[in-house]
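J.: Let me give you the structure first, and then I'll get to my questions.
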Amino acid sequence: MTDYAETSTFLKELMPPNIILVHGEAHEMGRLKTKLTTELADCNTKIINPKNCQSVEMYFNPEKMAKTIGKLAEKTPEVGETVSGILVKKGFTYQIMAPDDLHIFSQLSTANITQRITIPFYGAFGVTKYRLEQMYESVESSTDEESGVQRSIFQCIGLQIL
1 MTDYAETSTF LKELMPPNII LVHGEAHEMG RLKTKLTTEL ADCNTKIINP KNCQSVEMYF
61 NPEKMAKTIG KLAEKTPEVG ETVSGILVKK GFTYQIMAPD DLHIFSQLST ANITQRITIP
121 FYGAFGVTKY RLEQMYESVE SSTDEESGVQ RSIFQCIGLQ IL
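So the sequence shown is numbered by UniProt numbering: it starts at 1 and just counts up by one.
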């Protein structure tokens with residue numbers, strides 16, 4: 001059984017956001033709560049002394065932290081700089097890694113998917129450029145003898161007359 005000095009020292013080192021006092025005589029637990037409340041007043045610690053069989057509700061901060069590993073961990077980002085990678089959850093930990101590192105640090109692998117869709121459009125092709133420029137910042141046009149007029153959006157979506 002611990003005494004007050006041991007309990008107090010332990011709680012000061014641990015600094016938990018919530019303390020629930022159980023297993024003791026009601027009057028002594030009340031005294032312990034009062035002493036701890038005074039001693040830990042600056043710590044923003046919630047101290048609860050429930051009666052026997054009384055339910056206790058606790059709320060936890062859902063904030064999560066992820067570690068960067070592999071190539072992403074080679075350079076420390078500046079404050080406000082965006083880190084781009086793949087978020088992988090392993091148990092209760094989160095890791096952010098470059099797609100190339102996925103097979104090294106996990107049992108997962110990457111794949112490229114190419115999709116081709118044909119949509120009938122009976123309007124003038126010039127209208128497509130106008131409409132696409134209204135929706136997207138980066139629309140480039142080119143003409144190729146073999147494939148005709150093409151539009152490229154963000155260098156990843158291609159549009160052409162068939």
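A virtual CB, placed ideally from N, CA and C, is assigned to each residue, including glycine. Since the model is a prediction, treat every value here as computed from it, not as a measurement.
Which one or two residues does DSSP pair with A66 in a beta bridge?
T.: Y94, per the DSSP bridge assignment.
J.: Give me the residue from D144, T110 and H23 with the minimum Cα distance to L87.
T.: L87 has its Cα closest to that of T110, out of D144, T110 and H23.
J.: Taking only runs of the beta strand (DSSP E) that begin and end inside the segment 86-142, which ones reach a length of at least 3 residues, in chain order?
T.: Runs found: 86-90 and 93-97.
J.: With L36 as the anchor, note down where its beta strand (DSSP E) starts and where it stops.
T.: It is not in any beta strand (DSSP E) - L36 instead sits in the alpha helix (DSSP H) that spans A26 to E39.
J.: For E13 and K75, I'd like the C-alpha separation in whole angstroms.
T.: C-alpha separation (whole angstroms): 33 Å.
J.: Going straight from the alpha carbon of E25 to that of D101, what length do you get?
T.: When rounded, the distance between both Cα atoms is 56 Å.
J.: Taking only three categories from DSSP, how would you classify S152?
T.: Correct three-state label for S152: strand.
J.: Should the segment 4-21 be regarded as contacting the segment 31-49, the criterion being three or more beta carbon pairs within less than 8 Å?
T.: Contact holds: three or more Cβ-Cβ distances are below 8 Å.
J.: Can you find the residues in the same chain that come closer than 6 Å, C-beta to C-beta, to G85, ignoring five residues on each side of it along the sequence?
T.: For G85, where only same-chain residues beyond five positions count, the Cβ hits under 6 Å are L72, I96, M97 and A98.
J.: Does DSSP classify D42 as helix, strand or coil?
T.: Of the three classes helix, strand and coil, the one that applies to D42 here is helix, per DSSP.
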